[in-house]
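Chains as they are written, first to last, in my numbering: chain A, 8 to 321; chain B, 35 to 478.
Notes follow once the structure below has been shown.
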Amino acid sequence: MFDKSVTKKIQPYSHLFQATLLAALVVTIGCQRGEELGPVASATSVAKIRSVFAGEASATGAAEEGSSESAVATATGWATIKGRFVYDGEPPAMQPYNVNKDQATCTDGGKPPLQETLLVDSGNKGIANVAIYIRKVSRVHESAQPSTEKVLFDQKACVFLTHVLPMTIGQTVELKNSDPVGHNTNISGNNSFNQTIPANESVDYTPQKEEAMPVLAVCSIHPWMASYLLPRANGYYAITAPDGSFEIANVPAGEILEVQVWHESGTGPKGALVLNTEAGKEMKWSKKGRFKINLAEDEVKEFELTVPTNAFRG
Amino acid sequence: MNQNTMKQKLNSFYLLACLVAPLVTVGCSSSGPPEFRLDMVKMVSEETPTAQEYQQEIADVLGALFGTPDEPFALPETGLNAIQLQMAAGSAWSDEKGYNHGLYRKHCVHCHGITGDGRGPTARFLNPYPRDYRPGVYKFKSTYNADRPTDEDLHRVLVNGVPGTAMPSFSLLPSSEVESLVEYVKYLSIRGQMETALTNFVFDELGEEEAEDEDGEPLLDGDGEPVLRRIPFNPAEDAEQQEVVADLLAEIVEGWDAASEKIILPEEDQIPAEERSDEEIAASVDKGRELFYGTRANCIKCHGPTALGDGQQDDFDNWSKAHKKFLSDVAESHKGEPTEDSQEFAASRDEVAAMIYPLRNAIPRNLRQGIYRGGRRRLDIFWRISAGIPGTPMPATGSAAPGGKGTISEAEIWNIVDYVLSLPYESPSRPLKALPANTEGIVN
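Here it is as structure tokens:
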């Protein structure tokens, strides 16, 4: 390739080449740029914060006063929120799942089941499977206390029959397999779990910690299977029905309640459903999919929430 | 070789040395001593988008609670042994008594990274990748699937290494050094778990709120719009936040403390006898075999009809899943119209995405090789099958918690242990047709 004289000319420098190569190697391998991203702790802040945790000082600023907490101590009575989520567009067509395992069980004569990432009623345009729940409350009505009743989470034809399942912590979920093939249920989040569910049998699962947002439950054997669980400290939650309706009864009246709204395909963080419409703005609906309400005793607050198509992914 | 070329050689040797030396010494240290870094995937993810001011505050709180790679710190309530942490941390040197310091940087950092994120300089080239300690999830341990490992579990991994992977055995180190390293691994895990907890707290509870004046009336700007105020994350100035941080730490430490009560202890009367006749063993292997390929234990689904690991191969482990989600969100965001939010993080998202190692599927083990990463004792295999392999698709078949009920009985798990241990010696062509259970299952 090279003409001889060129090779000769290069030769004296070959060590230089080696050196450069070596240097380049050291630079690229030794000092990965990626590791340098993000901040490092500042010594002065660290000293201040550490003295507080090491018990040498106490946090200066007192806990917030005059917030809703002190106001609620005296409030009594209960109220109800209810309403409907309506899709502002043509109901999207759901694509079939990519069923590449156990065709005999998991397809209907070769026809794979349809996805459920955004279910909109073709008639009244109600949006199903929106989770709506109260973030924090100062008191809980009898009817919303943690339940001990067993809830069913069934799977058939390689689809989880409940797409979004809420429960109170400590409540046992029966993970059922109604298929002739084996599944496993792999749940992420604070109550992580991954267990084989034999054909036509059940396994119990009891989440003990609350989640701020629904967490995924999948089957590693049939990776298209995906569903969501929402363990909460109390029963102040609802999942919208196929017509988009929901109701949360007996929420505490006379205090500021922060409502969280979630949908699997919501564009906000962790699936938060963000209502960036005029109505949403009026309700001060946040980018985290939350809004605040303060209800009077026995009030029944009704919402008709029209959600634009761009609030959903895909 | 004549004098001239010799001289030339020497010259260029000096040149080489002069060129490389400063690069080695300065190249990396130009940025000062090694520092713990935040998990930038989490910081800029769509799940917990964390503004730069909050990133700094989280780094500060972590610095207060855990110190630096050169000067580790642990609050007494963590139960971590400060002396052991000192031995493991910092740069490598030996004191006059001959004690070795800086053990982690000497033995582990080039694979597991300064922060324990599994991103040391050699990590990218390994398969499997070195463990990222930060979620506190370990694969080869004696406890139930969701529980932390015991000190003994980590000790065992360090002494045995992880056969079939790059993770070497450190059996030649004195046991006091191994103990210091175990303590340091736990320290990095607790720090990492705390980072996640703080990030979630900041996302869930802090952010912007509408500012109020002294009378509690909303402050309005010129256009009559409410003035927004960022709620700082500073536990030194906010007693409520201080309490939250202490509670989050306590919960994480409690998980580690509880590990010794979460050991899976096989029932004595189910453990197969030491001395078994060949017939007894063969009968147990046959039972195990039937279970392995059947629809109750389901092993065939992933490990495949020949146990070569060729069943379900599409899934990912938990460490990769987080990256996969991030990468697909980034790709998605390039498609749609940029929103205000996506733009705030867009540049850093691309930068962070570029540093993620290539994604790899979680491939079920080829069980005919007879290499057991978590140890080859019967008890090791029992633990793997009973608890599954945390962080990976491999599910548990035993109970999920003390006192619970397993999917299959312990006697059955021991049968499968027998079968698994016999697999490397079984002819792969041994016909499976004899088993009714797998006739449908295999048709993938």
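Cβ atoms here follow ideal geometry from the backbone N, Cα and C, with glycine treated the same way.
Nearest to S354(B) by C-alpha distance, out of A396(B), L119(B), I315(B), is A396(B). The beta carbon of L342(B) sits closer than 7 Å to the beta carbons of N400, R402 from its chain, once the five residues preceding and following it are set aside; these are given in chain order. If you keep only unbroken alpha helix (DSSP H) runs of at least 4 residues inside the segment 257–330 of chain B, you get 273–291, 312–326.
Setting aside the 5 residues that flank it on each side, V93(A) is surrounded in the same chain by N131, K132, G133, I134, G251, E311, L312, T313, V314, each with a C-beta closer than 8 Å to its C-beta; the list follows chain order. Put simply, the CB of V210(A) is near chain B, with a gap under 8 Å to one of its CB atoms.
The shortest C-alpha to C-alpha distance from E262(A) to any of R91(A), V144(A), Q110(A), G96(A) is the one to V144(A).
Secondary structure of Q162(A) (DSSP, three-state): strand.
In the structure shown, V75(B) adopts helical secondary structure according to DSSP, grouped into three states. F200(A) belongs to the set of residues whose beta carbon lies under 8 Å from a beta carbon in chain B. Three or more beta-carbon pairs drawn from the segment 438–453 of chain B and the segment 313–324 of chain B are found closer than 8 Å, and the two stretches are therefore classed as touching.
Between V78(B) and R411(B) a beta carbon distance of about 44 Å is seen, past the 8 Å cut, so the two are scored as non-contacting.
As computed with DSSP, K118(A) is found in a beta bridge with D115(A).
I139(A) and V266(A) have their C-alpha atoms roughly 7 Å apart. When Cβ-Cβ separations below 8 Å define contact, A341(B) makes no contact with chain A.
When E105(B), P300(B), W290(B) are compared, the shortest CA-CA separation from E186(B) is found for W290(B). For V171(A), the enclosing beta strand (DSSP E) has its first and last residue at 171–175. Around the beta carbon of A365(B), fewer than 16 other beta carbons lie within 10 angstroms, which makes this residue exposed. Using a Cβ-Cβ cut-off of 8 Å, C336(B) counts as an interface residue toward chain A, since at least one Cβ of chain A sits closer than that to its own. In this structure, S150(A) keeps its C-beta atom at 8 Å or more from the C-beta atom of T175(A). Counting only Cβ-Cβ distances below 8 Å, G96(A) has no contacts in chain B at all, with the closest Cβ about 16 Å away. Taking a contact as a CB-CB distance under 8 Å, the pair P169(B) and G226(B) counts as one, their CB atoms being some 7 Å apart. Within 9 Å of the CB of A233(A), no CB atom of chain B is found; the nearest one sits about 12 Å away. Just measuring C-alpha positions, the residue of D109(A), L302(A), F319(A), E289(A) sitting nearest E259(B) is E289(A). Short of 6 Å from the beta carbon of P106(B), and not among the five residues preceding or following it, lie these beta carbons of its own chain, in chain order: L119, A123.
Under the Cβ criterion of 8 Å, N115(B) is not counted among the residues facing chain A.
For G261(A), there are no C-beta contacts with chain B under 9 Å, since the nearest C-beta of that chain is about 17 Å from it. When C-beta distances to chain B are compared with 9 Å, the residues of the segment 289–306 of chain A below that value are K291, S293, K294, K295, in chain order. For D187(B), the enclosing alpha helix (DSSP H) starts and ends at 185–194.
Using a Cβ distance threshold of 8 Å, K308(A) and K299(A) do not count as a contacting pair. Using a Cβ-Cβ cut-off of 8 Å, P205(A) is close to T329, R330, A331, N332, T441, I442 of chain B, given in chain order. Ranking F416(B), Y459(B), A108(B), E285(B) by CA distance to the CA of I305(B) puts F416(B) first.
Neighbours of L119(B) in chain A, taken as residues whose beta carbon is under 7 Å from its own, are absent, since the nearest beta carbon is some 15 Å off. Out of V268(A), T284(A), S185(A), the CA that lies nearest to the CA of Y244(A) is found in V268(A). Look at M201(B): its C-beta is not under 8 Å from any C-beta on chain A. The three-state reading of DSSP puts G278(A) in helix, counting H, G and I together. CA-to-CA, the gap between P392(B) and P155(B) works out to about 15 Å.
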